[in-house]
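**Student:** Going by this note's numbering, the letters in the sequence shown line up with residues 321 to 758, in that order.
Mind having a look at this structure? Questions to follow.
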Amino acid sequence: MRIKPFRGIRPPKELVEQVSSRPYDVLNSEEARAEAAGNEQSLYHIIKPEINFEPGTDEHDERVYSAAKEQFAKFRRNGWLVQDEKEKYYVYAQTILGGQPSALSGQHDKTQYGLVVGAWVNDYLEGRIKKHELTRKDKEEDRMKHVRVLNANMEPVFFAYPHRDDLDEIVAEVTKSEPEYDFVAAPEGFRHTFWVINDEALIQRITEIFAEIPAMYIADGHHRSAAAAGVGKEKKEACPQSLSAREGGKLPEYEFFMAVCFPDNQLNIIDYNRVVKDLNGLSEEDFLKALEEDFKLSPALSIKEGEGFEAVKPKGLHNFTLYLGGKWYSLTAKEGRYNDADPIGVLDVTISSDLILDKILGIKDLRSDKRIDFVGGIRGLGELKRRVDSGEMKMALALYPVTMQQIINIADSGNIMPPKTTWFEPKLRSGLVVHSLE
């Protein structure tokens, strides 16, 4: 992997909580407008610039992109975002606090440590930065317009790399010092901590170690990665004068884009569950009987979750829990109903899609069928029960989360994950650092 340090554009320490925001794609325009209310320093004014217009303004209106550029200039002019004088790497830690009311809570805090770097466009274009999801051209083009007009990567992408003890040691050394930023962000309640690496020897060593890593994997941010690489490719093709710089060994800044790289053994992948509006004309009894052809079916023992409601989590791979008619059931796929040698066929999302959603319920396209919806495990299994008990949905299916190794196997084989498979948490906080393409 070819990476480089960069001159980050960052908020002053005292403004980081006002400036930082959730990623652009985890909330809609109305939610962003509400979160930014009364705060002209919120990054939403740049990454969700439609909030600067009347409600209902199309986020793809050309005026909206222009407003993003104007807001970025305003932030820099007012000193709300300030560029570092020298090129640096950064360490970004995310902590899930024990006792949080989320599906990730445990008895103890859990922290994952990422390195913020400039990733090389060619590593993406040539397949060394590997993907596991399809992207939509319209969403790519929206992000490309945003990068073009700002000439910057406002938000990082989220990569995983095969963990290295030597990088762990460097991160451990850096994080002994006082962090630049350290705060708990609303509304999720995750802790975000950020260190600046100033030591030139450490910066050089990090670059050298990444040069020994054969591949990185996009965990979250496939559209942002495609857009950043696309703009970098455009700029490279439009600037033949950059050839002399390339021959001298120093690549232009626009040939890199901002990524936070986490070791694969630290990441949280949580369940991505399904709720369905009807049983395709079947009675509950007939539906349960149909399941028994491919699954071992039994009543599930309930556990307490959250505010006293009953919920049941899958015990492991190929085990599912079903909520139907006020009861939880355990489903275990029978041997021979899936192919452990196939990196896609072995996935529980594939098993449930093939043997339940398609075969019994007639749901063939997860992206377009209006009878199905998806619930990230961060909401807890109680959300599944609530949506069924309310009458909005007829049944809910809880899946065991995929593993990072499964994602790596699929990316390495050149395959693509089925839709709505992975949910990484915590999400990266935007606005801690920005990467200029100049």
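Where a beta carbon is used, it is the ideal one built from N, C-alpha and C, also for glycine.
Fair warning: this is a prediction, and the values are worked out from it, not measured in the lab.
With a threshold of 7 Å on Cβ separation, who are the neighbours of Pro739 within its own chain once the five nearest residues in sequence on each side are excluded?
**Tutor:** For the purposes of this step, residue 739 is taken as residue 419 along the sequence shown, with counting starting at 1. The answer, listed in chain order, is Leu686, Arg687.
**Student:** So, are the CB atoms of Gly675 and Asp614 less than 8 Å apart?
**Tutor:** If you number the sequence shown from 1, residue 675 lands on position 355. If you number the sequence shown from 1, residue 614 lands on position 294. Position check: residue 675 holds Leu in this sequence, whereas Gly was assumed. A contact, by the Cβ cut-off of 8 Å.
**Student:** Return the CA-CA distance between Ser733 and Asn442, expressed in angstroms with no decimal places.
**Tutor:** What you label residue 733 is simply residue 413 of the sequence shown in a count that begins at 1. What you label residue 442 is simply residue 122 of the sequence shown in a count that begins at 1. So the two alpha carbons sit approximately 20 Å from each other.
**Student:** Quick one: what's got a C-beta closer than 7 Å to Leu587's C-beta in the same chain, skipping five residues either side?
**Tutor:** Walking along the sequence shown from the start, residue 587 turns up at place 267. Gln432, Ala480, Ala539, Met724, Phe744, listed in sequence order.
**Student:** Quick one: is Ala352 buried, meaning 16 or more other Cβ sit within 10 Å of its Cβ, or exposed?
**Tutor:** As a first step, residue 352 is located in the sequence shown; it is residue number 32 there, counting from the start. Ala352 comes out buried.
**Student:** So Val469 is in the alpha helix (DSSP H); what residue range does that whole segment cover?
**Tutor:** Position 149 of the sequence shown, counting from 1, holds the residue named residue 469. Per DSSP, Val469 belongs to the alpha helix (DSSP H) from 457-470.
**Student:** Whole angstroms is fine: what's the gap from Leu602's alpha carbon to Lys633's?
**Tutor:** By one-based count along the sequence shown, residue 602 stands at place 282. By one-based count along the sequence shown, residue 633 stands at place 313. Straight-line Cα distance between these residues: approximately 25 Å.
**Student:** What separation, rounded to the nearest whole angstrom, lies between the Cα atoms of Arg468 and Ile680?
**Tutor:** Against the sequence shown, residue 468 aligns to sequence position 148. Against the sequence shown, residue 680 aligns to sequence position 360. Their Cα atoms are separated by approximately 47 Å.
**Student:** For Ala356 and Pro375, what's the separation of their Cα atoms in angstroms?
**Tutor:** Residue mapping note: residue 356 aligns to position 36 of the sequence shown, counting from 1. Residue mapping note: residue 375 aligns to position 55 of the sequence shown, counting from 1. Cα to Cα, Ala356 sits roughly 14 Å from Pro375.
**Student:** Going along the chain, which residues of its own chain have a beta-carbon closer than 6 Å to the beta-carbon of Pro421, five neighbours each way excluded?
**Tutor:** Taking the first residue of the sequence shown as position 1, residue 421 is located at position 101. Interpretation of Pro421 is limited by its pLDDT of 44, a score under 50 that renders its predicted location unreliable; no figure is taken from the coordinates.
**Student:** Starting from the C-beta of Tyr412, find all residues in its chain whose C-beta is less than 7 Å away, skip the five residues before and the five after it, and write them out in chain order.
**Tutor:** Locating residue 412 in the sequence shown gives position 92, counting from the first residue. For Tyr412, where only same-chain residues beyond five positions count, the Cβ hits under 7 Å are Gly434, Val436, Phe514, Val580, Leu752.
**Student:** In chain order, which beta strand (DSSP E) runs of at least 3 residues are fully inside the stretch 472-538?
**Tutor:** Counting only runs of 3 or more, we get 477-481, 501-505, 510-517.
**Student:** What residues are listed by DSSP as bridge partners for Gln414?
**Tutor:** In the sequence shown, the residue the question calls residue 414 occupies position 94. According to DSSP, Gln414 bridges with Gln432, His512.
**Student:** Please check if any C-beta of chain B sits within less than 8 Å of the C-beta of Gly328.
**Tutor:** Checking the listed chains, one finds no chain B in this structure; it contains a single protein chain.
**Student:** Note down, in chain order, each residue of its chain lying with its Cβ closer than 8 Å to the Cβ of Val346, except the 5 sequence neighbours on either side.
**Tutor:** As a position in the sequence shown, residue 346 is number 26, starting the count at 1. Closer than 8 Å at Cβ, skipping near neighbours: Lys747.
**Student:** Could you check the C-alpha separation between Ile683 and Gly700 for me, to the nearest Å?
**Tutor:** As a position in the sequence shown, residue 683 is number 363, starting the count at 1. As a position in the sequence shown, residue 700 is number 380, starting the count at 1. The straight-line gap from Cα to Cα measures roughly 24 Å.
**Student:** Which parts of the stretch 358-420 are runs of the alpha helix (DSSP H), unbroken and 4 residues or longer, counting only runs that do not cross its ends?
**Tutor:** As far as the stretch 358-420 is concerned, its whole alpha helix (DSSP H) runs of at least 4 residues are 364-367, 382-397.
**Student:** Of the choices Lys556, Gly665, Tyr410, whose alpha-carbon is the least far from that of Glu758?
**Tutor:** Taking the first residue of the sequence shown as position 1, residue 758 is located at position 438. Among Lys556, Gly665, Tyr410, the Cα nearest to that of Glu758 belongs to Lys556.
**Student:** Considering only the alpha carbon of each residue, which of Val477, Ser750, Asn593 lies closest to Val708?
**Tutor:** Position 388 of the sequence shown holds residue 708. Closest option to Val708, Cα to Cα, is Asn593.
**Student:** Would Glu460 and Ala547 qualify as a contact pair, given that the criterion is a beta-carbon distance under 8 Å?
**Tutor:** Sequence index remark: in the sequence shown, residue 460 carries index 140 (1-based). Sequence index remark: in the sequence shown, residue 547 carries index 227 (1-based). Yes, Cβ-Cβ distance for Glu460 and Ala547 is below 8 Å.
**Student:** Which of the three DSSP states, helix, strand or coil, is assigned to Thr670?
**Tutor:** Here residue 670 refers to the residue found at position 350 when the sequence shown is read from its first residue. Note: Thr670 maps to helix in three-state DSSP.
**Student:** If you draw a straight line from the C-alpha of Ser497 to the C-alpha of Arg525, how long is it?
**Tutor:** One-based indexing of the sequence shown puts residue 497 at position 177. One-based indexing of the sequence shown puts residue 525 at position 205. Cα to Cα, Ser497 sits roughly 19 Å from Arg525.
**Student:** Are Leu470 and Ala531 close, meaning C-beta to C-beta below 8 Å?
**Tutor:** Position 150 of the sequence shown, counting from 1, holds the residue named residue 470. Position 211 of the sequence shown, counting from 1, holds the residue named residue 531. No, the pair does not count as a contact, with Cβ atoms beyond the cut-off.
**Student:** Residue ranges of each beta strand (DSSP E) run of no fewer than 3 residues wholly in the stretch 563-621, ordered along the chain?
**Tutor:** For the stretch 563-621, whole beta strand (DSSP E) runs of length 3 or above, ordered along the chain, are 576-583, 592-596, 615-619.
**Student:** Give me, in chain order, the residues of the same chain whose beta-carbon lies closer than 7 Å to that of Ala549; leave out the 5 immediate sequence neighbours on both sides.
**Tutor:** For the purposes of this step, residue 549 is taken as residue 229 along the sequence shown, with counting starting at 1. Correct list, in chain order: Val441, Tyr444, Leu445, Phe577.
**Student:** In terms of alpha-carbon separation, which member of Arg327, Glu360, Ile730, Tyr720 lies closest to Ile523?
**Tutor:** Taking the sequence shown and counting its residues from 1, one reaches residue 523 at position 203. Ranking the options by Cα distance to Ile523, first place goes to Arg327.
**Student:** Cβ of Tyr750 within 8 Å of Cβ of Leu363?
**Tutor:** Sequence index remark: in the sequence shown, residue 750 carries index 430 (1-based). Sequence index remark: in the sequence shown, residue 363 carries index 43 (1-based). For clarity, residue 750 is Ser in the given sequence; the question names Tyr instead. Closer than 8 Å, so yes.
**Student:** Considering only heavy atoms of the ligand ZN, does any lie closer than 7 Å to the CB of Ala357?
**Tutor:** Inclusion of the ligand ZN in the displayed structure is not the case, the ligand content being empty and no account of it being possible.
**Student:** Can you tell me which of the three DSSP states Asn659 falls into?
**Tutor:** Start at 1 with the first residue of the sequence shown, and residue 659 comes out as number 339. Asn659 falls in the coil class under three-state DSSP.
**Student:** Do you know whose CA, among Lys324, Ile329, Lys406, lies nearest Arg396's CA?
**Tutor:** Stepping through the sequence shown from its first residue, residue 396 is reached at position 76. The shortest C-alpha separation from Arg396 is found at Ile329.
**Student:** Could you spell out the range, first to last residue, of the alpha helix (DSSP H) harbouring Ile730?
**Tutor:** Taking the first residue of the sequence shown as position 1, residue 730 is located at position 410. Note, Ile730: alpha helix (DSSP H), 724-732.
**Student:** Measure the alpha-carbon distance for Ser341 versus Met474 and round it to whole angstroms.
**Tutor:** Along the sequence shown, read from residue 1 onward, the residue named residue 341 stands at position 21. Along the sequence shown, read from residue 1 onward, the residue named residue 474 stands at position 154. Approximately 11 Å between the Cα atoms of the pair.
**Student:** Indicate the three-state DSSP secondary structure (helix, strand or coil) for Arg330 in the structure shown.
**Tutor:** Indexing the sequence shown from 1 puts residue 330 at position 10. Three-state DSSP puts Arg330 in a strand.
**Student:** On the criterion of 16 or more Cβ atoms from any shown chain inside 10 Å, does Lys408 qualify as buried, or is it exposed?
**Tutor:** Your numbering for residue 408 matches position 88 in the sequence shown. Per the 10 Å Cβ criterion, buried.
**Student:** Between Phe640 and Ser672, how many whole angstroms is the CB-CB distance? I'm expecting something under 8 Å.
**Tutor:** On the sequence shown, residue 640 is found 320 positions in, with the first residue counted as 1. On the sequence shown, residue 672 is found 352 positions in, with the first residue counted as 1. Contact holds; Cβ gap of about 6 Å.
**Student:** Is Tyr444 helix, strand or coil by DSSP?
**Tutor:** Taking the first residue of the sequence shown as 1, we reach residue 444 at position 124. In the structure shown, Tyr444 sits in a helix (DSSP, three-state: H, G or I).
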